[in-house]
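Residue numbering for the sequence shown follows numbering that gives the first Met the number 0, beginning at 0 and increasing consecutively.
In what follows, a structure is listed as structure tokens, so that the remarks can point back to it.
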Amino acid sequence: MDLLCAVHLSCKQTDHRAEAEEAQRRFPPNLVLKRIANIPPEALYYLKLLRDNRLSLKGNIYAFLSGSLLIECRSREDACGALSSLARAELAEVEGGLIYLPNTVLNDKLLEHLPLDIDEEGLEIKKAYVASVSGINNGEGIAEALADYLRDTGRFMGENIDKVLSNVSFIPHLINKYINKIDILIKLKNNDVIGVNYTDIRKSIHLGFSTIENYLMYGLDYVLLLHPYINHNIHKSISNKIKDRYISDTGYIVIDLINELIYIYKMPHYNKILSKYISIHSIAKAIRSYIESL
0 MDLLCAVHLS CKQTDHRAEA EEAQRRFPPN LVLKRIANIP PEALYYLKLL RDNRLSLKGN
60 IYAFLSGSLL IECRSREDAC GALSSLARAE LAEVEGGLIY LPNTVLNDKL LEHLPLDIDE
120 EGLEIKKAYV ASVSGINNGE GIAEALADYL RDTGRFMGEN IDKVLSNVSF IPHLINKYIN
180 KIDILIKLKN NDVIGVNYTD IRKSIHLGFS TIENYLMYGL DYVLLLHPYI NHNIHKSISN
240 KIKDRYISDT GYIVIDLINE LIYIYKMPHY NKILSKYISI HSIAKAIRSY IESL
């Protein structure tokens with residue numbers, strides 16, 4: 000497992016796959032659940048801020064497609080000291096000023112239920128996490144390139160990928176309810192379904208928020224908004240708008256196809272609408288059945 004490919008911005012599909020598999024092997028969810036109960040509250044606090052892109056650090060933060068992070072911590076920041084303590088609890092690795100946090104420790108369903116007293120009022124998204132996706136620029140458009148890259152990688156958000164569909168314009172049994180097509184539809188082996196909407200904000204005044212709202216109402220487990228890279232100030236502003244709206248569970252990623260980089264401005268959270276409206280479960284079931292029929 001070559002973690003330094005993240006720092007060198009040279010990670011290929013095989014690197015992302017190897018990292019995801021190794022994270023599951025060395026930091027399995029059942030052991031993480033036992034170990035995390037024994038770490039200091041301060042470390043949990045910073046871990047939660049990190050999961051929500053709200054931790055301000057001087058160093059860069061690199062990401063893998065699994066959701067694992069590699070953090071530059073070469074200064075004496077309080078957060079770095081607290082996060083380093085996770086290694087002593089066998090929940091992270093520290094080496095040469097870098098802290099590796101596996102996706103199993105950053106799982107949103109796990110952190111959501113920990114007793115953390117965090118006042119999120121006024122907390123802004125601080126910076127993007129940088130994921131190297133060497134080889135993604137295959138001559139296709141951004142959405143198609145990402146879909147192909149995920150198929151080749153075979154893992155996403157810490158899980159094995161079952162199927163990746165592109166440009167899903169029609170789903171049987173949902174003729175009147177399927178308002179917006181899903182640009183990338185991903186089914187994971189654990190049965191979670193992820194929808195990705197691509198909106199080219201270079202050519203439109205729309206950001207894709209209304210489409211994303213419909214994705215959430217489809218009952219998808221996770222939803223991602225995808226934009227082409229313009230500049231960090233614009234994307235940071237958009238990510239904070241998402242955070243403060245009804246679509247706050249949505250993840251926000253940006254692709255720089257020329258430099259073969261993905262900027263993760265906001266990690267997705269499990270779609271809480273699923274626990275609020277029983278009616279959307281029938282829509283989710285129809286979408287899942289459609290994927291399985293192909």
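For every residue, glycine included, the Cβ atom is placed at its ideal position computed from N, Cα and C.
These numbers come from a predicted model, not from an experiment.
| Check | Outcome |
| --- | --- |
| Are I185 and K162 touching if we call contact CB-CB under 9 Å? | yes |
| Which same chain residues, not among the five before or five after M216, have their C-beta less than 7 Å away from its C-beta? | I272 and I279 |
| With burial defined as no fewer than 16 other Cβ atoms inside 10 Å of the residue's Cβ, what is the status of P267: buried or exposed? | buried |
| Just how far apart, CA to CA, sit G66 and P101? | 7 Å |
| For S67, verify whether its CB is less than 8 Å away from any heavy atom of the ligand MG. | Although the ligand MG was asked about, the structure shown includes no ligands whatsoever. |
| Y214 lies in the alpha helix (DSSP H); which residues open and close that run? | F208 to M216 |
| Would you call A36 buried or exposed, if buried means 16 or more other Cβ atoms sit within 10 Å of its Cβ? | exposed |
| For the alpha helix (DSSP H) containing S288, name the first residue and the last one. | I279 to S292 |
| Enumerate in chain order the residues of its own chain whose CB-to-CB distance from E212 is below 6 Å, with the five nearest sequence positions on each side excluded. | I246 |
| According to DSSP, is S165 helix, strand or coil? | strand |
| According to DSSP, what are the bridge partners of G250? | L223 |
| Restricting to Cα atoms, I'd like to know which of K188, C4, K275 and L8 is closest to E259. | L8 |
| Terminal residues of the continuous beta strand (DSSP E) containing S203? | That residue, S203, is in no beta strand (DSSP E); it is neither H nor E in DSSP. |
| So, helix, strand or coil for E259, using DSSP? | coil |
| Is the separation between the beta-carbon of E89 and that of F26 shorter than 9 Å? | yes |
| Across which residues does DSSP place Y99 in a beta bridge pair? | L69 and E92 |
| Does the distance from the CB of I124 to the CB of N239 come in under 9 Å? | yes |
| Please work out which residues of its chain come closer than 6 Å, Cβ to Cβ, to Y177, disregarding the five sequence neighbours upstream and downstream, and give them in chain order. | I170 |
| Quick check on the burial criterion: 16 or more other C-beta atoms within 10 angstroms. Buried or exposed for R24? | exposed |
| Could you check what DSSP says for D107 in three-state terms: helix, strand or coil? | helix |
| Would L69 and V6 be called neighbours here (beta carbons separated by less than 9 Å)? | yes |
| Between I141, E139 and T103, which lies nearest to E158 when the distance is taken from Cα to Cα? | T103 |
| So who's on the other strand from L30, going by DSSP bridges? | Per DSSP, none; premise fails for L30. |
| Is the beta carbon of L32 closer than 9 Å to that of L110? | no |
| Please identify the residue among A17, Y44 and A81 whose C-alpha is closest to the C-alpha of D151. | A17 |
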